[in-house]
């Protein structure tokens with residue numbers, strides 16, 4: 002995973018906690034989750050449309 006191990010992920014998490022504070026972490030996590038969900042949905046829709054276009058040709 003991009004050469005990131007457990008120690009690096011822990012350091013990144015601690016930096017995020019320091020920058021944003023522990024109280025905002027749930028909001029940040031929710032926003033990231035929604036963003037990833039929307040991204041995956043868009044990718045799947047594009048693949049589906051491309052597949053439908055290929056079938057029609």
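Numbering (our numbering), first residue to last: 2 to 58.
For each residue, glycine too, the CB sits at the ideal point set by N, CA and C.
Listed in chain order, the alpha helix (DSSP H) elements of length 4 or more contained wholly in the region 18-57 are 26-57. In this structure, the CA atom of residue 40 is about 11 Å from the CA atom of residue 47.
When DSSP states are grouped into helix, strand and coil, residue 5 belongs to the coil group. CA-CA distance, residue 42 to residue 30, rounds to 18 Å.
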